[in-house]
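Asks: Heads up: the sequence lines are chains A and B, in that order. Sequential numbering from 5 applies to the first sequence in the numbering used here. Sequential numbering from 5 applies to the second sequence in the numbering used here. By construction, the Cβ of each residue, glycine as well, lies at the ideal position given by its N, Cα and C atoms.
There are 2 protein chains.
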Amino acid sequence: MNEMVDNLGVAPLRTEDRLREAIVTGRLQPNERLVESDLARSLGVSRTLIRAALVRLEHEGLVEHERHRGARVRLVSESEAVEILETRSVLEGLAARLAAERATDDDVGDLKSILAEMQRLREADDLLAVSDLNAQLHRRLLEISGHETAARLIAALNSQMVRFQYRTILLPGRSERSFAEHAEIVAAVATHDGDRAEAAMRTHLSSVADALRREAPLRSQQ
Amino acid sequence: MNEMVDNLGVAPLRTEDRLREAIVTGRLQPNERLVESDLARSLGVSRTLIRAALVRLEHEGLVEHERHRGARVRLVSESEAVEILETRSVLEGLAARLAAERATDDDVGDLKSILAEMQRLREADDLLAVSDLNAQLHRRLLEISGHETAARLIAALNSQMVRFQYRTILLPGRSERSFAEHAEIVAAVATHDGDRAEAAMRTHLSSVADALRREAPLRSQQ
DNA sequence: GTCGCAGAGATTGTATGCAATCTTGCCCAC
DNA sequence: GTGGGCAAGATTGCATACAATCTCTGCGAC
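1. With a cut-off of 8 Å, does the C-beta of ILE54(A) fall near any C-beta of chain B?
2. First and last residue of the beta strand (DSSP E) that includes ALA75(A)?
3. Just to confirm, is the Cβ distance from ALA44(B) to ARG51(B) under 8 Å?
4. For a test of the three-state rule: what should DSSP assign to HIS208(B), helix, strand or coil?
5. Do GLU68(A) and ARG78(A) have their beta-carbon atoms positioned less than 8 Å apart in this structure?
6. Which two residues bound the contiguous alpha helix (DSSP H) that contains GLU36(A)?
7. Can you tell me where the alpha helix (DSSP H) holding HIS186(A) begins and where it ends?
8. Spell out the partners DSSP gives GLU70(B) in its beta bridges.
9. With burial defined as no fewer than 16 other Cβ atoms inside 10 Å of the residue's Cβ, what is the status of THR91(B): buried or exposed?
10. Please list the partners that GLU87(A) has in chain B, where partner means a Cβ-to-Cβ separation under 9 Å.
11. In or out: ALA120(B) buried (at least 16 other Cβ within 10 Å) or exposed?
12. Which chain A residues sit within Cβ distance under 7 Å of ARG60(B)?
13. Of the residues HIS72(B), ALA104(B), ALA100(B) and MET165(B), which one's Cα is nearest the Cα of ALA85(B)?
14. Pick out whichever of GLU127(A), ILE27(A), ALA201(A) and LEU132(A) has its Cα sitting closest to the Cα of LEU145(A).
15. Is the stretch 210–218 of chain B in contact with the stretch 96–104 of chain B, if contact means three or more CB pairs nearer than 8 Å?
16. State the Cα-Cα distance for the pair VAL14(A) and SER83(A), rounded to the nearest angstrom.
17. With DSSP collapsed to three states, give me the class of ARG156(A).
18. Taking C-beta to C-beta, are LEU53(B) and ARG24(B) nearer than 8 Å?
19. To the nearest angstrom, report how far apart LEU137(A) and ARG124(B) are at their CA atoms.
20. Give the residues of chain B in contact with GLU90(A), contact being defined as C-beta atoms less than 9 Å apart.
21. Is it buried or exposed, ALA184(A), if we count other Cβ atoms within 10 angstroms and call 16 or more buried?
22. To the nearest angstrom, report how far apart GLY113(B) and LEU141(B) are at their CA atoms.
23. If the cut-off is 8 Å on Cβ atoms, which residues from the stretch 157–176 of chain B count as contacting chain A, listed in chain order?
24. Using alpha carbons as the reference points, say which of VAL193(B), VAL80(B) and LEU161(B) lies closest to SER149(B).
25. Can you tell me the Cβ-Cβ gap for VAL49(A) and THR29(A), rounded? I've got them flagged as a contact below 8 Å.
26. DSSP on LEU102(B), reduced to helix/strand/coil?
27. Look up GLY113(B) in the DSSP assignment and say whether it is helix, strand or coil.
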């Protein structure tokens, strides 16, 4: 009986998760071929499980698959990244609107303390930690909105964006602007103003997309 | 060589498609258990293919799967249908905005002729045909927008909505209102007014969601 | 009569093997 | 030297077999 309790919630860490992790951390590079038998050997499972995992990851958009020619890590282009951000923009806008309408006082308190912590870390110049809290704020808003459909789609979009995750916050001036935008979102939610919350979220993500577009030409393509 | 040409584009009609069709046409009822070996026998393929197809359909949201307990046709609840419509609302709003910004004169012509045909069929009281054109108009707008990410997500959402597809247009008064809303969307696109097109699309889909909410309590649950 | 439990049957999870297809490298004609 | 074609190797597609797990039925204790 104790084993049961111990295992509760401890997701069995499935093959799919291990593969996903290898992709999002870049251990498997974009466009790299994913040979089933190699993966099977290196993960210590059979090809069957690898195939099942690849099917799922394909649907998630992390892998692309051609019949009889195998799977490879999907390269998300810069223009596609912009599309994804545009999509996130309207989906998270919807979630922010609902969050504003439904937030309890406790919810608002949570958001404000996340914001305060972001401010603190920003002053300490720990931009990567700020970026983490950033993600946490967005996640919390989604929870408050209670909109599962939007949450599911956003999660899928996010996993395709890993390559661009830590970029924009590092750009000069982005950190200040990003903080102000988040503060505006939280303020809108605190006053239960749905329209304002949606507009603020869309402004915020548009400005991330702009930053990405501006940064894009500066880097050499890989 | 002729065989190659003949087969081009003739999708091999995969197991997945046959299963999806059985679900969306209702031949497989919501909550019905999907026993792999039964399906394999009735479709004349092995369990391996059935399993792969079920994994994909699960990701599409048509099937739900519990470990060691098998798959069943997923029942989309009324409240979830509303969530899906809300999500479609913002995604198609985005697409409508882009369509307005990018539409050529030919595109606008297409939209207007679809609208005219809708009007004609409406006067002939062929509401199901109107509903088909309805879908066609939405599809065309997505094409014009050129936004593949939004298109992909909307397609997935639509396949979950089949159970509710032909309902709302049949409600008294819906047909007139729906036509007016579509006309407004097309007018906005014709004048390349992105804001107006997005607002019109969101109004339209909100009103569909309202109709669904209003209709919902009238029917007995199955 | 109800509850608990054990075992058989049903069903899913995983591994393995063979067939189909693709890719690569080599040889030969030109 | 170049290009076409063919054969061998690599890889994926699919089916089958076995193991793990679940479900359901029936029996016995209370």
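Replies: Considering the structure as presented:
1. Sequence index remark: in the first sequence, residue 54(A) carries index 50 (1-based). Output row for ILE54(A): interface = no.
2. By one-based count along the first sequence, residue 75(A) stands at place 71. Its beta strand (DSSP E) spans residues 74–77.
3. On the second sequence, residue 44(B) is found 40 positions in, with the first residue counted as 1. On the second sequence, residue 51(B) is found 47 positions in, with the first residue counted as 1. Against a cut-off of 8 Å, the Cβ pair of ARG51(B) and ALA44(B) comes out as a contact.
4. Indexing the second sequence from 1 puts residue 208(B) at position 204. Of the three classes helix, strand and coil, the one that applies to HIS208(B) here is helix, per DSSP.
5. For the purposes of this step, residue 78(A) is taken as residue 74 along the first sequence, with counting starting at 1. For the purposes of this step, residue 68(A) is taken as residue 64 along the first sequence, with counting starting at 1. Yes; because the gap between Cβ atoms is below 8 Å, this pair is in contact.
6. Numbered from 1 along the first sequence, position 32 holds the residue referred to as residue 36(A). GLU36(A) -> no alpha helix (DSSP H), and no H or E assigned at all.
7. The residue given as residue 186(A) occupies position 182 in the first sequence. Residues 178–194.
8. Your numbering for residue 70(B) matches position 66 in the second sequence. The partner list for GLU70(B) (beta bridge, DSSP) reads GLY74(B).
9. Working through the second sequence from its first residue, we reach residue 91(B) at position 87. Counting every other CB atom within 10 Å of its CB across the protein chains shown gives THR91(B) a total of 16 or more, marking it as buried.
10. Here residue 87(A) corresponds to residue number 83 of the first sequence, with the count starting at 1. Near GLU87(A) (Cβ distances below 9 Å), the residues of chain B are HIS151, GLU152, THR153 and ALA154.
11. Here residue 120(B) refers to the residue found at position 116 when the second sequence is read from its first residue. ALA120(B) is exposed by the Cβ-count criterion.
12. The count along the second sequence starts at 1 and reaches residue 60(B) at position 56. Those are VAL59 and HIS63, listed as they occur along chain A.
13. Along the second sequence, one-based indexing puts residue 85(B) at 81. If we check each option's Cα against that of ALA85(B), MET165(B) comes out closest.
14. Numbered from 1 along the first sequence, position 141 holds the residue referred to as residue 145(A). When each option's Cα is compared against that of LEU145(A), the closest is ALA201(A).
15. no
16. By 1-based counting over the first sequence, the position of residue 14(A) is 10. By 1-based counting over the first sequence, the position of residue 83(A) is 79. Note that VAL14(A) has pLDDT 46, beneath the 50 cutoff, so the model's placement of it is unreliable and the number below is only indicative. Cα to Cα, the separation comes out at about 37 Å.
17. Position 152 of the first sequence, counted from the start, is the residue given in the question as residue 156(A). In the structure shown, ARG156(A) sits in a helix (DSSP, three-state: H, G or I).
18. Translated into positions along the second sequence, residue 53(B) becomes position 49. Translated into positions along the second sequence, residue 24(B) becomes position 20. Against a cut-off of 8 Å, the Cβ pair of ARG24(B) and LEU53(B) comes out as no contact.
19. Walking along the first sequence from the start, residue 137(A) turns up at place 133. Walking along the second sequence from the start, residue 124(B) turns up at place 120. Straight-line spacing of the CA atoms in LEU137(A) and ARG124(B) works out to 55 Å.
20. Numbered from its first residue, the first sequence carries residue 90(A) at position 86. Ordered by position in chain B, the residues that pass the 9 Å Cβ test against GLU90(A) are LEU98, LEU102, HIS151, THR153 and ALA154.
21. Numbered from its first residue, the first sequence carries residue 184(A) at position 180. Exposed: under 16 other Cβ atoms inside 10 Å.
22. Against the second sequence, residue 113(B) aligns to sequence position 109. Against the second sequence, residue 141(B) aligns to sequence position 137. When rounded, the distance between both Cα atoms is 12 Å.
23. LEU157 and LEU161
24. To locate residue 149(B), count along the second sequence from 1; it is residue 145. Closest by alpha carbon: VAL193(B).
25. By 1-based counting over the first sequence, the position of residue 49(A) is 45. By 1-based counting over the first sequence, the position of residue 29(A) is 25. Rounded, the Cβ-Cβ distance is 20 Å, inconsistent with contact.
26. As a position in the second sequence, residue 102(B) is number 98, starting the count at 1. LEU102(B) falls in the helix class under three-state DSSP.
27. Position 109 of the second sequence, counting from 1, holds the residue named residue 113(B). Helix, per DSSP.
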